[in-house]
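**Student:** Quick one: this structure, given as structure tokens, is what I'll be asking you about.
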Amino acid sequence: MWHVILNLLTLILINRLLVDRKFPQKSLTQGELITIYTMLSLAGGIAGRDSYQILVPVMGWAFEFATPENEWNQLFHRFLPDWLILREPDVLHQLYRGDSTLYKWPTLRVLVAPVLWWSLFVLVLGLTMFCLNVLIRKQWIQNEKLSYPIIQLPLAITQSNDSHWQGQGGRFFRNRLLWAGFSIGGAINIINGIHHLVPSFPHLPVTYLDYNLGQYFTNKPWSAVGRFPFPIYPFVIAIGFFLPLDLAFSTWFFYLFRKVQQVAGVALGIKALPAFPYLNQQSTGAWLGLFVVVMWAGRTHFRSVSRQVFSLSSSTENINDESGKDSPMSYRLACIGILFGSIAIVLFCHQAGLSLWIIPPFFFIFFMLSIAITRARAELGPPTHELAGMNPGNLMVDLIGTRQIGANNLSIFPLFWFFAGRGYRGHLMPHQLECLKMAEQTRMNVQKLGLAMLVAIFLGSLSAFWALYHLAFIEGLGVIPIGHDSGVFRMLAGRLNHPTPADLPATSFMGVGMLMTFLLMFLRTRFLWWPLHPVGYALSMNFGIDYIWSCLIFSSIIKRIILSYGGVGTYRRAIPFFLGVILGEYVIGGFWSLIGVILQYKTYDFYFA
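Below, the structure written as structure tokens:
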């Protein structure tokens, strides 16, 4: 999240130029800066494009855009809970058309209940994820010693050294290679930012939209590759430098393998399977397979956790005891938190309209995916994990069909699209565990950090609702470029109008994805030279990797050359350069965004431009 790093840099600059000189005793410590980073990361994830930017439009979409022709009123309106949605015509008209204001009592009165209920629900989800992280934390951080590549940049800019200013990253910021990288990343953004405002000014084509290799494949079966972007984002290349070589290679290798599958389907004329090669289902199976692999690898640890939780002894001799200042909470308390969270989730969802039988499998699948995503981030740190459309609802539709699920349950699924369906890019659970790793590495009080996380989730929810509604009532929710997914209700209408049985081919390809994960993991454990990682397969079967695959080709080549000819020492000396490239893009890209906010004008977007 570039905006979090940018805010952190701003605080460090204020710390250095103002607070250190005038009030040194009030200067922010590294622990305080990491706490701020943690809270902003979680709040930013909640407000993100895959989260509340979907929830806010979805809360009223089914009523604002219901017509006699689409018959949504007869199909599913009766199943939608009044206390979680918006259905008042006057408020909806103002919300989607704009030219109004949030700050009117009739409007606030309608919004207050749904906002509070959703905020409490997300808080419970966040608490449950935090408790799950407590159970897996020691296994991944201390036993397996996973690398957590994502935290390198925030740790570097808040690192502790000799003097107080060095404690804010002074030695890091004096590195010449850092500023060389910063200059490259920043210069590209300056040039492209000016080009965006003055089209006659030259630009450097580095974005997702600049290259489409698919235009060269016009005849069948090659045209089946579809859009074939070739982005060259400098900051993604720099992030890829910190990824293990096997993941970087596996990601772009399996992306090309995905394209081969699409071409093969047309070349072989596989028309009996219209959705071949069932990429979404392969990805779903792969991620669920990763969960199974992770649980199996940590089985000794989890047995120890179980013994401690159910032991009647209060002894702390067990090596996996989590009591003490260096741990967020005891395992037993974490399990109580999971139990409380599970009960609260069941009550909330049943009151919303879900049948009791469907709630446990829905959320069990959700948390399986959550743990798998968290593991991928902790071990390998992929720059993105957009798992579009991969969610418990779709999986259950494939497994048992829409008839068995029922209209009431299908109608509630769109309301959960914001946390279990669209993309998981702002998922809270990986952020939580990464911040716990940072806290341990800097010897912070992780118990207080855990409390700060929960505060950030609740306040982040309220602030996200406020910001989105404030903007929507002015500009109109139907026109502002946020992540609303109106298609969920069209999909719902299709499922209700045309009920389907279980989809055997789709289910089979989930099994293929899971077996592929098991096979890749088996080969990795048997052959040290095996270059393909199952996370690369899981990531690449979904379209989110289209934005970065080619960048990882460059980063893996650069890293291989440095390690082969310069060794580990050269690799370590090169780290500030690549961190500088990331900072250069973040700072200058953030500058263009700030200019756009001030001038109310669309400026250069360094990632989605």
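Heads up, our numbering is the position in the sequence shown plus 10, with the first residue counted as 1.
Quick reminder that beta carbons are idealized off the backbone N, C-alpha and C, glycines included.
Computed from a predicted structure; not experimentally measured.
#1: Look at cysteine 141 and isoleucine 383 and say whether their C-beta atoms are less than 7 Å apart.
#2: Measuring CB to CB, does valine 356 end up less than 7 Å from isoleucine 375?
#3: Taking buried to mean at least 16 other C-beta atoms within 10 Å of its own C-beta, is alanine 57 buried or exposed?
#4: Pop quiz: threonine 168 and isoleucine 44 are said to be a contact at Cβ under 8 Å. What is the actual Cβ separation, rounded to whole angstroms?
#5: Would you tell me roughly how many angstroms separate the C-alpha atoms of leucine 207 and threonine 613, rounded to the nearest one?
#6: Do you know whose CA, among Ile242, His87, Lys269, lies nearest valine 235's CA?
#7: Answer yes or no: do threonine 117 and valine 101 have a C-beta to C-beta separation smaller than 7 Å?
#8: With contact counted as at least three CB pairs below 8 Å, one residue from each stretch, are the stretch 33-44 and the stretch 381-401 in contact?
#9: Near phenylalanine 227, which residues of its chain fall below 6 Å by C-beta distance, leaving aside the five closest residues on each side in sequence?
#10: According to DSSP, is asparagine 624 helix, strand or coil?
#11: Would you call the CB atoms of tyrosine 596 and leucine 16 closer than 7 Å?
#12: Once DSSP output is grouped into helix, strand and coil, what is the label at proline 371?
#13: Ordered along the chain, which non-local residues of its own chain (more than five positions away) have a Cβ less than 6 Å from that of asparagine 83?
#14: How should tryptophan 128 be labelled, buried or exposed, when 16 other C-beta atoms within 10 angstroms of its C-beta is the threshold for buried?
#15: Measure the beta-carbon distance from glycine 3 to phenylalanine 519 and round it to whole angstroms, keeping in mind my assumption that it falls under 8 Å.
#16: On the criterion of 16 or more Cβ atoms from any shown chain inside 10 Å, does aspartate 336 qualify as buried, or is it exposed?
#17: Throw me the rounded Cβ distance for the glutamine 40 and threonine 452 pair, which I believe falls under 8 Å.
#18: Is it buried or exposed, alanine 466, if we count other Cβ atoms within 10 angstroms and call 16 or more buried?
#19: Can you check which of these residues, Ile160, Leu379, Val66, Ala166, is closest to valine 122 by C-alpha distance?
#20: Considering methionine 520, what are the terminal residues of the alpha helix (DSSP H) in which it resides?
#21: Looking at C-beta atoms only, is the number of pairs between the stretch 440-448 and the stretch 525-541 that lie closer than 8 Å three or more?
#22: Since tyrosine 479 is in the alpha helix (DSSP H), which residue starts that stretch and which ends it?
#23: Under 7 Å Cβ to Cβ from leucine 223, same chain only, skipping five residues before and after it: list those, please.
#24: To which residues of the same chain is tryptophan 150 closer than 6 Å at the C-beta, ignoring the five residues directly before and after it?
#25: If distances are taken between C-alpha atoms only, which option among Glu98, Arg107, Ile204 comes closest to arginine 119?
#26: Unbroken alpha helix (DSSP H) runs of length 4 or more, entirely within the stretch 221-271: which are they?
#27: Suppose you measure from the CA of leucine 105 to the CA of glycine 488; what does that come to, to the nearest Å?
#28: Take leucine 405 as the anchor and find which of Asp109, Leu366, Tyr288, Phe192 has the nearest alpha-carbon.
#29: At the level of alpha carbons, what is the spacing between methionine 378 and proline 371?
#30: Would you call the CB atoms of phenylalanine 252 and serine 566 closer than 7 Å?
#31: Rounded to whole angstroms, what is the Cα-Cα separation between glutamine 634 and glycine 523?
#32: Assign serine 380 to one of two classes, buried (16 or more other C-beta atoms within 10 Å of its C-beta) or exposed (fewer than that).
#33: Looking at the unbroken alpha helix (DSSP H) that takes in tryptophan 82, where does it start and where does it end?
#34: Among Thr310, Gly195, Gly436, Ile585, whose alpha-carbon lies nearest the alpha-carbon of leucine 52?
#35: Kindly indicate which three-state DSSP category tryptophan 71 falls into: helix, strand or coil?
#36: With a Cβ-Cβ cutoff of 7 Å, do cysteine 623 and threonine 48 count as a contact?
**Tutor:** Walking through what the data contain:
#1: Not a contact, by the Cβ cut-off of 7 Å.
#2: Contact: no.
#3: The residue is buried, with at least 16 neighbouring Cβ atoms inside 10 Å.
#4: Their Cβ separation, rounded to whole angstroms, is 6 Å, which keeps threonine 168 and isoleucine 44 in contact under 8 Å.
#5: In a straight line, the C-alpha of leucine 207 is about 7 Å away from that of threonine 613.
#6: Ranking the options by Cα distance to valine 235, first place goes to Lys269.
#7: Yes, Cβ-Cβ distance for threonine 117 and valine 101 is below 7 Å.
#8: No: the two stretches stay apart, fewer than three of their Cβ pairs being nearer than 8 Å.
#9: Hits under 6 Å: Ser233, Val235.
#10: Coverage of the chain is limited to positions 11 through 619, which leaves residue 624 absent and any answer about it impossible.
#11: It is a contact, given that the beta carbons lie within the stated cut-off.
#12: Three-state DSSP puts proline 371 in a helix.
#13: Result list for asparagine 83: Ala76, in chain order.
#14: Under this definition tryptophan 128 is a buried residue.
#15: Coverage of the chain is limited to positions 11 through 619, which leaves residue 3 absent and any answer about it impossible.
#16: The residue in question, aspartate 336, is exposed, as its Cβ has fewer than 16 Cβ neighbours within 10 Å.
#17: Contact between glutamine 40 and threonine 452 holds, with the beta-carbon distance rounding to 6 Å and staying under 8 Å.
#18: Its Cβ being crowded by 16 or more others within 10 Å, alanine 466 is buried.
#19: If we check each option's Cα against that of valine 122, Val66 comes out closest.
#20: For methionine 520, the enclosing alpha helix (DSSP H) starts and ends at 514-536.
#21: No: the two stretches stay apart, fewer than three of their Cβ pairs being nearer than 8 Å.
#22: Per DSSP, tyrosine 479 is one residue of the alpha helix (DSSP H) stretching across 456-485.
#23: Listed in chain order, the non-local C-beta contacts of leucine 223 below 7 Å within the same chain comprise Phe238, Phe240, local neighbours out to five positions each way being set aside.
#24: Once the five neighbours on either side are set aside, the close Cβ partners of tryptophan 150 are Leu156, Ala388.
#25: The candidate whose alpha carbon is nearest that of arginine 119 is Glu98.
#26: Annotation: the stretch 221-271 contains the following complete segments of the alpha helix (DSSP H) (minimum length 4 residues), in chain order: 244-250.
#27: Their backbone Cα atoms lie some 8 Å apart in a straight line.
#28: Leucine 405 has its Cα closest to that of Tyr288, out of Asp109, Leu366, Tyr288, Phe192.
#29: The straight-line gap from Cα to Cα measures roughly 10 Å.
#30: Result no, Cβ atoms of phenylalanine 252 and serine 566 do not sit closer than 7 Å.
#31: Not covered by the structure: residue 634. The range shown for the chain is 11 to 619.
#32: Serine 380 comes out buried.
#33: Element bounds for tryptophan 82: 82-85.
#34: Taking only the C-alpha atoms, the option nearest leucine 52 is Gly436.
#35: In the displayed model, tryptophan 71 falls within a helix according to three-state DSSP.
#36: This structure does not reach residue 623, given that the chain is present from 11 up to 619, and the question cannot be answered.
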